[in-house]
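Peer 1:
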Amino acid sequence: MKGDWVSRERDVQAVVNALEAHKASDIVVLDLRGFGTATDFFIIASGTSDTHVRALGNRVLEALAADSLKPHHTEGLSEGRWALLDYVDFVVHVFHPTLRTFYQLERLWGEAPAALIESPG
Numbered sequence: 008m009k010g011d012w013v014s015r016e017r018d019v020q021a022v023v024n025a026l027e028a029h030k031a032s033d034i035v036v037l038d039l040r041g042f043g044t045a046t047d048f049f050i051i052a053s054g055t056s057d058t059h060v061r062a063l064g065n066r067v068l069e070a071l072a073a074d075s076l077k078p079h080h081t082e083g084l085s086e087g088r089w090a091l092l093d094y095v096d097f098v099v100h101v102f103h104p105t106l107r108t109f110y111q112l113e114r115l116w117g118e119a120p121a122a123l124i125e126s127p128g
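Numbered by the working numbering, the letters in the sequence shown go through residues 8 to 128 in order.
1) Starting from Thr81 and walking both ways along the beta strand (DSSP E), at which residues does that stretch end?
2) Are there three or more Cβ pairs, one per stretch, closer than 8 Å when the region 25-45 is compared with the region 74-84?
3) Who pairs with Asp38 in a beta bridge, going by DSSP?
4) Quick check: the Cα distance between Glu82 and Val101, rounded to an integer number of angstroms?
5) Under DSSP, the beta strand (DSSP E) around Asp74 begins and ends at which residues?
6) Of the choices Ala45, Ala70 and Trp89, whose alpha-carbon is the least far from that of Ser56?
7) Could you have a look at Ser32 and say whether DSSP puts it in helix, strand or coil?
8) Whole angstroms is fine: what's the gap from Ile50's alpha carbon to Val22's?
9) For Ala52, which residues in the same chain have their Cβ closer than 6 Å to its Cβ, ignoring the five residues on either side in sequence?
10) Is the beta carbon of Arg15 closer than 8 Å to that of Asp96?
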């Protein structure tokens, strides 16, 4: 069941903060509400290597676990090329740069507006 807007916004911000704190690059939050998808937000970021992608995914898992949130589904975390963390209301995609360029999720969802995110610093 989808959560209320305030908790969803707080959780998305927690993801962004964890990604920024661990040096993710090109962080984008796409607002998919109104597009008939199964989620409200995509949070997309890049790591610099397979190890960095794995570390970023793990940091997001740890940050949300601190608020008792567990993903509904994860994929790719152990490989480190593309980590997908599905929290139902939002999905986190952490890419190796070459795969991000290949999949171009931002282009695929080009009509979705970018959500405003705050920098923690």
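Beta carbons: idealized from backbone N, C-alpha and C, even for Gly.
Peer 2: In this structure, then:
1) By 1-based counting over the sequence shown, the position of residue 81 is 74. His80 to Glu82 is the extent of the beta strand (DSSP E) around Thr81.
2) No contact exists between the region 25-45 and the region 74-84.
3) Taking the first residue of the sequence shown as 1, we reach residue 38 at position 31. Paired residue(s): Phe48.
4) Residue numbering aside, residue 82 sits at position 75 when the sequence shown is read from its first letter. Residue numbering aside, residue 101 sits at position 94 when the sequence shown is read from its first letter. Each residue's alpha carbon lies about 11 Å from the other.
5) Stepping through the sequence shown from its first residue, residue 74 is reached at position 67. Counting along the chain, Asp74 falls outside any beta strand (DSSP E), and DSSP gives it neither H nor E.
6) As a working mapping, residue 56 is identified with position 49 in the sequence shown. The shortest C-alpha separation from Ser56 is found at Trp89.
7) Within the sequence shown, numbered from 1, the residue matching residue 32 stands at position 25. Residue state, collapsed to three classes: strand.
8) Here residue 50 refers to the residue found at position 43 of the sequence shown. Here residue 22 refers to the residue found at position 15 of the sequence shown. Answer to the nearest angstrom: the Cα atoms are 8 Å apart.
9) Mapped onto the sequence shown, residue 52 falls at position 45. Correct list, in chain order: Leu26, Ala31, Ile34 and Val101.
10) Your numbering for residue 96 matches position 89 in the sequence shown. Your numbering for residue 15 matches position 8 in the sequence shown. Yes, these two residues count as a Cβ contact at 8 Å.
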